[in-house]
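When we follow the numbering used here, the leftmost residue of the sequence shown carries the number 1, and every step to the right adds one. Below you'll find the structure, written out as structure tokens, and then a few comments.
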Amino acid sequence: MDFHDLLFRYFGTAEIEALNASALTAGLDRMRVDFGLETNAGRRFALWALMYMLGDAPDLEAFEDAEEREAARRFMDLADSAD
């Protein structure tokens with residue numbers, strides 16, 4: 001999943017800075033639904049990572065697989081250290 005494609009799919013724009021609060025909330029709601037329904041591990045991780053970057057990711061327990069949880073932890077550490 002391409003980052004800009006995800007932004008456009010869920011928010012209608014690739015310019016996240018241009019979103020108002022209601023559009024951001026609506027897009028995140030759609031992402032949470034798709035995250036819960038997604039069966040492909042890579043796509044689930046991409047959705048989770050974008051939700052994390054937007055401050056609204058499910059807890060790590062949403063990943064049933066221990067390796068996926070560890071990958072999410074590593075992503076969190078990398079993203080947090082970039083700030």
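Think of the CB as a built atom: it goes at the ideal place given N, C-alpha and C, for glycine as much as any other residue.
* Asked: Apart from the five residues on each side of it in sequence, which residues of its chain come closer than 8 Å, Cβ to Cβ, to D65?
  -> Hits under 8 Å: A41.
* Asked: How big is the Cα-Cα spacing for I16 and L60?
  -> Their backbone Cα atoms lie some 24 Å apart in a straight line.
* Asked: Between which two residues does the alpha helix (DSSP H) containing A21 stretch?
  -> Start and end: A21 to L37.
* Check whether F75 and R44 have beta carbons under 9 Å apart -> It is not a contact, given that the beta carbons lie outside the stated cut-off.
* Which same chain residues, not among the five before or five after A14, have their C-beta less than 6 Å away from its C-beta? -> Contacts found: H4, L7 and F8.
* Asked: Does the Cβ-Cβ distance between A79 and M53 come in under 9 Å?
  -> Yes. Within cutoff.
* Asked: Would you call the CB atoms of L24 and F35 closer than 9 Å?
  -> By the CB criterion at 9 Å, L24 and F35 fall outside the cutoff.
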